[in-house]
Amino acid sequence: MEDGTIPDSDITASSAWSDSTEKERGNRDKGEGDGAWCPAGAVFPSASEYLQVDLRSLHFLALVGTQGRHADGHGREFARSYRLRYSRDGRTWITWKDRWGQEVVSGNENTYDVVLKDLGPPIVARYVRFYPLADRVMSVCLRVELYGCLWNDGLLMYTAPVGHVMHLSGSPVYLNDSTYDGSIESGVQFGGLGQLFDGVLGGNDFTETKELRVWPGYDYLGWSREALGQGSVDIEFHFEKTRSFHTMQVHSNNHHTQGVRVFSKVECQFKPGLLLPWSSPPLSLAVPLEDLKDPSSRPISLPLGGRPAQILRCQFAFADRWMLISEISFFSAPPSTTTSLAFPQVRADFDAMTPRAGLPVAKDDSSNTAILIGCLVGIILLLLAVIAVILWRQYWKKILGKPLSQLFHPSLHSSIPPFTTSSLLSLPPACGMDLEKGLPPTQEEPPPYPDAPPYPALSPPFPASVPHYAEADIVSLQGVSGNNTYAVPALTSPSPTAADCTPLPELPRHCLVFKEKLGEGQFGEVHLCEIESPQDLPNLEFPFNVRKGRPLLVAVKILRPDASKNARNDFLKEGKILSRLKDPNIISLLGVCVSSDPLCMVTEYMESGDLNQYLSHRVLLDKTGPTHNTPTISYPALIAMASQIASGMKFLSSLNFVHRDLATRNCLVGGEKGESGGDRGGERPIKIADFGMSRNLYAGDYYRIQGRAVLPIRWMAWECILMGKFTTASDVWAFGVTLWEMLSVCQEQPYSNLTDEQVIDNAGEFFRDHGRQVYLSRPDVCPQGLYDLMLSCWNRDCKLRPSFAHIHSFLTEDAMNMV
Ligand code: ADE
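The letter at position 135 of the sequence shown is residue 135 when you use the UniProt record's numbering, and the numbering goes up by one with no holes.
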């Protein structure tokens, strides 16, 4: 609401106590009103007062939050419980119930704390109403927040036969659609949505469930052929608007021994509009034999050939006594002009039509007309493919402008919570929850990290020039030296400081004598160069003493000559930022060559390369005892290095810089003597730099989304992965991972036993906080006290993570004495 995503006019209420407590005055950050909505009428006993939010389109909502009226200590009102009602069309209202049928949601206990409620089952709705409740006559006030994402498919409802109960050695397995929010009549459920679209995928054993404390069979909707009395299960899907359907994915169980099998055939009919006739004949798809044989549960992809429909009716043919489905999802798009063409008869061979095999092919009907029709279909499909590619590209362009969490549509990636904010009335910034753009800190409790870059809520896309996880109002440093993005207040503020206007120190290109290539990547190369007479260069920022007449080795980052304009801008911005960062534990910029192409950035050279390489070629002294040829490192030396990194980060955080890609690969190691490290502690100076994807060597540390966005997910806090929320607190999380790498002497990647997708799932577990999240385990040589520090860096609540000042003093004082 604050950033205008949800205008005040979309928030209505049954009544308001006074002007100062009307519904849109709930935003404390504006400093207006009494900071919450308070109804005029009593909520006891009638419970009919409500605050309504119109989201303007269907949304998938997974979490709600409430807060009372604090009004700077003058408020005393809050709602101890409330009911939620929602509607997809503004006419039919449904009361939300949890999985056990409970309608009443526990609310607030005081005026200031935010209470979040995980919506299980999630809500798909356009309108949501909060009804505060009370058990006696009293005044209540409320502030609310909704979290979710767009319900892109626009599925309004599905109709299906009611699920059956299976009796397995005497115990019942309930295979009904227990969260279905429509009606039931004569064994058919209609007019609602339920478990087939809740994002929960059932496992191989349908008696086990993903949800806690639910009954066997919960994850599946299942039917018995015998009880149904027919050879197929008929499901009808109603969408908001006509769409072109490309694929239907049906996640099914295939537990042969219990007589459960994936459907053998599907026949679908398409109705392109409510008043239009069903297109005929139906599309018939056969499931390949291999899919029927494999006993594991899995998604079956059914190509629908881009047919237009607003209503889709599919008959799933039984292959055995039981059919169990846990999830259905559609890949569809708004219709293109070609989709209005009538479809000729196409009987498709499933195998040839799986996504693996590309687009559907028409089967020959052995007549000339069929060949002709086949050719026509081919052309249409080709056109459709081109349109699909264009739409796909636009889709990703749009999507990449949103936080990562929005990429995971619930029906496609069940285990990843699809949370983003659909910010409404404001809440204080509890970690990961202060998602509203520009949400300032609460008055009573300033956040420990004032640098938190404001996070854009729901819709504002990121600039197209930033092809990764950057937000609109922070500076992207994607260039040859990295893909990093820092929050730089001085550079983004409307009134530039003197430092912003100072030109970068230009060096004559000819003074750089190439020695060797240090690295290369997507954005250019890094060279080791020599400056023969550094003392002759008045512009050279000279950070350390080089004796007169002695050459100076420097690292030169060179932007690819064919780099885009955006990459060039980012490169120049990076130069500006680096030139302002003067700290012994941050790599320093000596000069630039930007008056002609290719653009170059000259930084100090760190003789021993990056920390990851440096450590991975070493063994721990105390672990292996004397070694022959392998270089060693001691625990105190490791801690001294870690404390230098903490010192550099302390400096960055004091400037409100968010690094976003702290890892051993982005720290450089100096020579044993000769350089002036700041907080040395050990023999070798360490300096934080940022290379990001500029070195192909570490490409595996970044998770690539459709070839564009690159994310160091294994170093990212859960709120960065799910919500794109980068703060100093998330840098602290990354520091914990960096420390873990160091104590593991960089022998393996963090969570090497997890795939990228599992790492993202784990972020979801952190969010859900049901105790299923996994942590990096304690490296062998790591004392428990130091591991506790790491664990505190990975605290779910970012307010409880330590500051870099604390980490630094812990490493310099306590950690040294731990062995
Ligand atoms: N970039 C890559 N390697 C480097 C090094 N050794 N020193 C400075 N910058 C670098």
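From the three backbone atoms N, C-alpha and C, an ideal C-beta is built for every residue, glycine too. Just so it is clear, the structure is predicted and the values come from calculations on it, not from any experiment.
Handout entry: Test item, CB below 6 angstroms from any non-hydrogen atom of the ligand ADE
Key = L518, G519, V526, A555, T603, Y605, M606, G609, L668
Exercise for the section: Per DSSP, which residues does I807 bridge with? Please list them. Expected result: Its beta-bridge partners do not exist; DSSP assigns none.
Exercise for the section: Using only alpha-carbon positions, find the residue among F270, R129, S264 that is nearest to H246. Expected result: F270
Handout entry: Pairwise C-alpha distance: V287 and L261
Key = Note on residue identity: the sequence assigns Arg, not Leu, to residue 261. Taking the straight line from one Cα to the other gives about 11 angstroms.
Problem - For W37, the three-state DSSP class (helix, strand or coil) - result: strand
Exercise for the section: Excluding the 5 residues preceding and the 5 following W93 in the sequence, name in chain order all residues of the same chain whose CB lies nearer than 6 angstroms to its CB. Expected result: R85, S87
Problem - Contact check, V554 vs Y605, beta carbons under 8 angstroms - result: yes
Practice task
Name the one or two DSSP bridge partners that E236 has.
Solution key: T159, R313
Exercise for the section: Using 10 angstroms around the beta-carbon of K725, count the other beta-carbons present and answer buried if the total reaches 16, otherwise exposed. Expected result: buried
Exercise for the section: State whether the stretch 111 to 130 contacts the stretch 157 to 175, with contact taken as three or more CB pairs (one from each stretch) at a distance under 8 angstroms. Expected result: no
Problem - The alpha helix (DSSP H) enclosing Y218, as first and last residue numbers - result: Looking at the DSSP string, Y218 is not in any alpha helix (DSSP H), and its letter there is neither H nor E.
Practice task
Check whether the Cβ atoms of N253 and D294 lie closer than 8 angstroms to each other.
Solution key: no
Handout entry: Complete runs of the beta strand (DSSP E) confined to the stretch 593 to 622 [at least 3 residues]
Key = 600 to 604
Exercise for the section: May I have the straight-line CA-CA distance separating F767 from L116, to the nearest angstrom? Expected result: 12 angstroms
Problem - C-alpha distance - L154 paired with E765, whole-angstrom precision - result: This sequence places Gly at residue 154; Leu is not what is there. The straight-line gap from Cα to Cα measures roughly 27 angstroms.
Problem - For V262, three-class secondary structure by DSSP - result: coil
Problem - Distance, S634 Cα to S752 Cα - result: 24 angstroms
Exercise for the section: If I'm right that Y50 touches A13 with Cβ under 8 angstroms, what's the distance once you round it to whole angstroms? Expected result: 7 angstroms
Problem - Cα-Cα separation between Y82 and M716, rounded to whole angstroms - result: 35 angstroms
Exercise for the section: Whole angstroms is fine: what's the gap from K97's alpha carbon to V105's? Expected result: 9 angstroms
Exercise for the section: With DSSP as the reference, please indicate the residues paired to I300 in a beta bridge. Expected result: V250
Problem - C793 in three-state terms, based on DSSP - result: helix
Problem - Touching by the beta-carbon criterion (3+ pairs, under 8 angstroms), the stretch 513 to 529 and the stretch 576 to 584 - result: no
Practice task
Output yes or no for whether 8 angstroms exceeds the beta carbon distance between M718 and A763.
Solution key: Before going further, note that residue 718 is Trp rather than Met in the sequence given. Yes.
Exercise for the section: Check whether the Cβ atoms of G191 and D177 lie closer than 8 angstroms to each other. Expected result: no
Handout entry: Enclosing alpha helix (DSSP H) for D198 [first to last residue]
Key = Per DSSP, D198 belongs to no alpha helix (DSSP H) and is neither H nor E.
Handout entry: Sequence-distant residues of the same chain with beta carbon closer than 6 angstroms to E267, five excluded per side
Key = P282, S284, Q315
Practice task
Could you tell me the distance, in whole angstroms, from the CA atom of Q258 to the CA atom of L168?
Solution key: 8 angstroms
Handout entry: Residues of its chain near R509, where Cβ-Cβ distance is below 6 angstroms and the 5 sequence neighbours each way are ignored
Key = C593
Exercise for the section: Tell me, to the nearest whole angstrom, how far the beta carbon of L61 is from that of G199; I am working on the premise that it is less than 8 angstroms. Expected result: Wrong, their Cβ atoms sit about 12 angstroms apart, outside the cutoff.
Exercise for the section: Select from T664, L638, A663, S46 the residue whose C-alpha is nearest the C-alpha of E683. Expected result: L638
Exercise for the section: Please check the pair D118 and L201, which I expect to be a contact at CB under 8 angstroms, by giving their CB distance rounded to whole angstroms. Expected result: Their Cβ separation, rounded to whole angstroms, is 18 angstroms, which puts D118 and L201 out of contact at 8 angstroms.
Problem - Distance, C667 Cα to N612 Cα - result: 8 angstroms
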